[in-house]
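Below you'll find the structure, written out as structure tokens, and then a few comments.
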Amino acid sequence: MQGKVISIVTGPVSTELTLEIAPGVRVTSSITSTSAQSLGLKEGDNAYAVLKASSVMVAVD
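First residue of the sequence shown: 1, per the UniProt record's numbering; consecutive thereafter.
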């Protein structure tokens with residue numbers, strides 16, 4: 001799913017990256033901060049979210 005990076009929250013170990021894939025539709029991923037640095041993404045960049053059926057997590061706000 002292609003989207004635009006709308007939020008990056010970097011922590012010492014993990015980073016939360018949020019993409020808007022359609023108007024009002026957001027996908028948030030938790031990746032290692034090292035991986036986030038390697039990707040070099042910043043807010044406003046385009047990126048892809050890839051879902052793997054064996055590792056999807058669901059949370060409630």
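C-beta atoms are modelled at their ideal positions from N, C-alpha and C, and glycine is treated no differently.
Top-ranked residue by Cα proximity to residue i, from the options
{"i": "Gly40", "options": "Pro12, Gln2 and Leu17", "result": "Leu17"}
Residue environment, residue i, which counts as buried when at least 16 other CB atoms sit within 10 Å
{"i": "Leu51", "result": "exposed"}
{"i": "Ala36", "result": "buried"}
Same chain, Cβ closer than 7 Å to residue i, neighbours up to 5 away in sequence not counted
{"i": "Ala49", "result": "Met1, Gly3, Leu19, Ile21, Val27 and Ser29"}
Per DSSP, the bridge partner or partners of residue i
{"i": "Glu16", "result": "Val9 and Ser30"}
Any non-hydrogen atom of the ligand FMN within 7 Å of residue i CB
{"i": "Ser30", "result": "Among the ligands in the structure shown, none appear at all, so the ligand FMN cannot be discussed."}
Cβ-based neighbour list, residue i, same chain, cut-off 8 Å, excluding 5 preceding and 5 following
{"i": "Thr32", "result": "Val13, Ser14 and Thr15"}
{"i": "Glu43", "result": "Val5, Ile6, Ser7 and Ile8"}
Residues of its chain near residue i, where Cβ-Cβ distance is below 6 Å and the 5 sequence neighbours each way are ignored
{"i": "Asp45", "result": "Val5"}
{"i": "Val25", "result": "none"}
Start-to-end residues for the beta strand (DSSP E) that takes in residue i
{"i": "Ala49", "result": "Counting along the chain, Ala49 falls outside any beta strand (DSSP E), and DSSP gives it neither H nor E."}
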